[in-house]
Amino acid sequence: MASSELPPHEAERLLLAVTGRTRADLYRIDVAEADASRFRILVVQRRRGVPLQHLEETIPFGPVTLRVDRRALIPRPETEFLFDEAASTLGRAGPGSTIVDLGTGTGALALALRHRFPEARVIATDVSEEALSLAAENAERNSLDIELFAGDLFDALPEAAKGRIDLLVTNPPYVAEHEYAELPVEIRDHEPRLALVGGERGIEILERIADEVYWWLAEGGWLLCEIGETQADQALDLFSPWLFCEIRNDLAGKPRILVGRKGAKCC
Ligand SMILES: C[S@@+](CC[C@H](N)C(=O)[O-])C[C@H]1O[C@@H](n2cnc3c(N)ncnc32)[C@H](O)[C@@H]1O
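Per the working numbering, numbering through the sequence shown is continuous, rising by one, with the last residue being 268.
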């Protein structure tokens, strides 16, 4: 299998992953035979549809570096944008502040927020034990202390956190059953279905979050929730009875973030 059968930037990224070199170095080195053979294996795997990020093994996410594998969704650029929005919306978080990441996957949002707000208590939950094991590894890799809890949405949270959450971030599953069948096979074969499908209509997990989030937020507490690009109106209908709400666009101008605030105007 020749590397020329991949787009050049992908072959180059795989070569960087096996050699540990920078792009500038790449053109000055002789590739050791062991690296060359590992590179050829990665090229074959990539041709078979293994995500590039799984072959590279780690990705940058805001201020942290995350291991990624089949145990959890590969964090997407939209979610990095959610992190930036959440961090700038909260502004500061001193000792006694509580931040929750509901459905943490690799731990991406929780770890990036803990890095940004080192004095805050950061809680991350997931219904998937596999995802939580990866999040724990990522916490250790980044030397960041977060609390991890397993369970279904808010059931995972310690009761003492009720009414005390200053920022709740979540990127819940929001793909409808019929949309899942149309996702690229690369995603369906290598990323957990549980991380993607929100139910028959896609909006079911968002509905359940909307039913409970008010009781968990502190007065003035924030919710920042990633949504599908067609879900803005439904999300506003769901959350507006409880929170002051607005929708924010991502960098591509798509409505991808629901921002809600308890007991105070949100912007
Ligand atoms: C779209 S992924 C997001 C993962 C991560 N926050 C990110 O943005 O990369 C959704 C996550 O929610 C978790 N999840 C799905 N259903 C859940 C539930 N009922 N309770 C808690 N977590 C759930 C999945 O296991 C998955 O890790």
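C-beta: ideal position from N, C-alpha, C; glycine also.
Handout entry: Buried versus exposed, by CB contacts within 10 Å (16 or more), S98
Key = Along the sequence shown, read from residue 1 onward, the residue named residue 98 stands at position 97. S98 is buried by the Cβ-count criterion.
Practice task
From the DSSP output, read off the bridge partner residues of L149.
Solution key: Counting from 1 along the sequence shown, the entry for residue 149 is found at position 148. Answer is A125, bridged to L149.
Problem - Collapsed DSSP secondary structure at W243 in the structure displayed - result: Working through the sequence shown from its first residue, we reach residue 243 at position 242. Looking at W243 - three-state DSSP - the assignment turns out to be coil, as it is neither helix nor strand.
Exercise for the section: Answer yes or no: do A121 and P64 have a C-beta to C-beta separation smaller than 7 Å? Expected result: Along the sequence shown, read from residue 1 onward, the residue named residue 121 stands at position 120. Along the sequence shown, read from residue 1 onward, the residue named residue 64 stands at position 63. No, these two residues do not count as a Cβ contact at 7 Å.
Exercise for the section: From the DSSP output, in three-state form, read off P78 for me. Expected result: Locating residue 78 in the sequence shown gives position 77, where the first residue counts as 1. P78 falls in the helix class under three-state DSSP.
Practice task
Entirely within the segment 78-119 and at least 3 residues each: give me those beta strand (DSSP E) ranges in chain order.
Solution key: Entirely contained in the segment 78-119, the beta strand (DSSP E) runs reaching 3 residues are, in chain order, 99-103.
Practice task
Work out the CA separation of T80 and R257 for me, nearest whole Å.
Solution key: Numbered from its first residue, the sequence shown carries residue 257 at position 256. Numbered from its first residue, the sequence shown carries residue 80 at position 79. Their Cα atoms are separated by approximately 9 Å.
Exercise for the section: Please list, in chain order, all residues of the same chain as A18 whose beta carbon is under 8 Å from its beta carbon, the five residues on each side excluded. Expected result: On the sequence shown, position 17 is the one that residue 18 refers to. Once the five neighbours on either side are set aside, the close Cβ partners of A18 are L43, L56, E57 and E58.
Handout entry: Contact the segment 220-240 vs the segment 167-183: 3+ CB pairs below 8 Å
Key = Yes, since at least three Cβ pairs between the segment 220-240 and the segment 167-183 fall closer than 8 Å, the two stretches touch.
Handout entry: 4-residue-minimum alpha helix (DSSP H) runs that sit fully inside the segment 50-74, ordered along the chain
Key = Restricted to the segment 50-74, the alpha helix (DSSP H) segments that are unbroken, complete and at least 4 residues in length are 53-57, listed in chain order.
Handout entry: Boundaries of the alpha helix (DSSP H) in which E208 is found, first to last residue
Key = The count along the sequence shown starts at 1 and reaches residue 208 at position 207. Unbroken alpha helix (DSSP H) run through E208: E205 to W217.
Handout entry: Contacts around L149, its chain only, beta-carbon distance under 7 Å, and the 5 residues preceding and following it disregarded
Key = Taking the first residue of the sequence shown as position 1, residue 149 is located at position 148. Taken in chain order, the residues that qualify are A125, L133, A136 and A137.
Practice task
Indicate the three-state DSSP secondary structure (helix, strand or coil) for A1 in the structure shown.
Solution key: Here the chain comprises residues numbered 2 to 268, so residue 1 is not present and cannot be evaluated.
Practice task
Using beta-carbon positions only, say whether Y175 and G200 come within less than 7 Å of one another.
Solution key: Indexing the sequence shown from 1 puts residue 175 at position 174. Indexing the sequence shown from 1 puts residue 200 at position 199. It is not a contact, given that the beta carbons lie outside the stated cut-off.
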